[in-house]
Structures are given as C-alpha cells and as structure tokens.
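Just so we're aligned, residue 638 is where the sequence shown starts under the numbering used here, counting upward by one.
Using N, Cα and C, we set each Cβ at its ideal position, and we do this for glycine too.
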Amino acid sequence: MKLRPLDDKIVIKKIEKEETTASGIVLPSSAKEESNIAEVVATGNKLDKDEDMKGLVKVGDKVVFSKYAGSDIELDHEKYTIIKFQDILAVIE
C-alpha cells in the first residue's frame with residue numbers, strides 16, 4: 638500500500654535516535670526521547686501547486702518538525718507520521 642497525503646500534509650518516517658550516549662551508556666527504550674528528525678516520504682498535492690510552498694520540501698529531504706505534531710500510523714509494518722507543512726521547522730542540508 639502507498640500513502641498519498643492531501644492538501645498541505647506531509648508523510649514522514651522518523652529517524653531513530655542513537656541508543657547509546659556519547660560516553661557509551663546504553664539507554665533502555667523507556668529512557669529514549671522520541672526523535673523530531675525525519676525523512677519526507679510523500680507530499681500533498683497543495684505543496685506542488687502553491688507558489689509559496691513549491692519546492693520547499695521534497696521527497697527524500699531530512700526535516701526537523703515540531704515535537705508533538707502529527708498523527709502516527711502503521712502501514713505494512715512500517716511506522717509513519719502525517720504532519721502539516723507548518724509543523725516543519727527546518728530542512729537539513
């Protein structure tokens with residue numbers, strides 16, 4: 638199956654944080670903070686049509702997004718998050 642977001646929505650896949658600290662301590666899953674860095678998997682049709690948004694975020698871009706943004710879903714045993722364009726804080730280049 639494939640996700641096709643509508644309007645200004647963006648489908649992202651979170652990039653997991655390291656499970657060890659810089660000093661080598663292994664963190665249990667309960668102590669890990671959820672990542673707010675993700676890869677863009679799909680973009681809504683409004684992002685291609687709106688002149689102000691066109692080309693700002695593309696599939697494959699790594700982005701920083703608001704910590705509590707979006708809706709988490711699971712599709713074909715993969716976890717994704719659907720967020721609004723406004724929830725993206727920066728593109729990592």
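Backbone secondary structure at residue i - three-state DSSP
i: LYS686; result: helix
i: ASP724; result: helix
i: ALA659; result: coil
i: ASP730; result: Residue 730 is actually Glu in this sequence, not Asp. Reduced to three states, the DSSP call for GLU730 is coil.
i: ASP709; result: strand
i: LYS651; result: strand
Environment of residue i [buried if 16+ CB atoms lie within 10 Å]
i: ALA659; result: exposed
i: ILE649; result: buried
i: GLY707; result: buried
Under 8 Å between C-beta atoms of residue i and residue j
i: ILE729; j: ILE647; result: no
i: SER672; j: LYS699; result: no
i: ASP713; j: LYS683; result: no
i: VAL663; j: GLU653; result: no
i: LEU643; j: GLY697; result: no
i: ALA679; j: ARG641; result: yes
i: LYS704; j: VAL677; result: no
Exercise for the section: Answer yes if the stretch 686-696 comes into contact with the stretch 708-721, meaning at least three C-beta pairs across the two stretches below 8 Å, and no otherwise. Expected result: Taking 8 Å as the limit for Cβ pairs, the verdict is that the stretch 686-696 does not touch the stretch 708-721.
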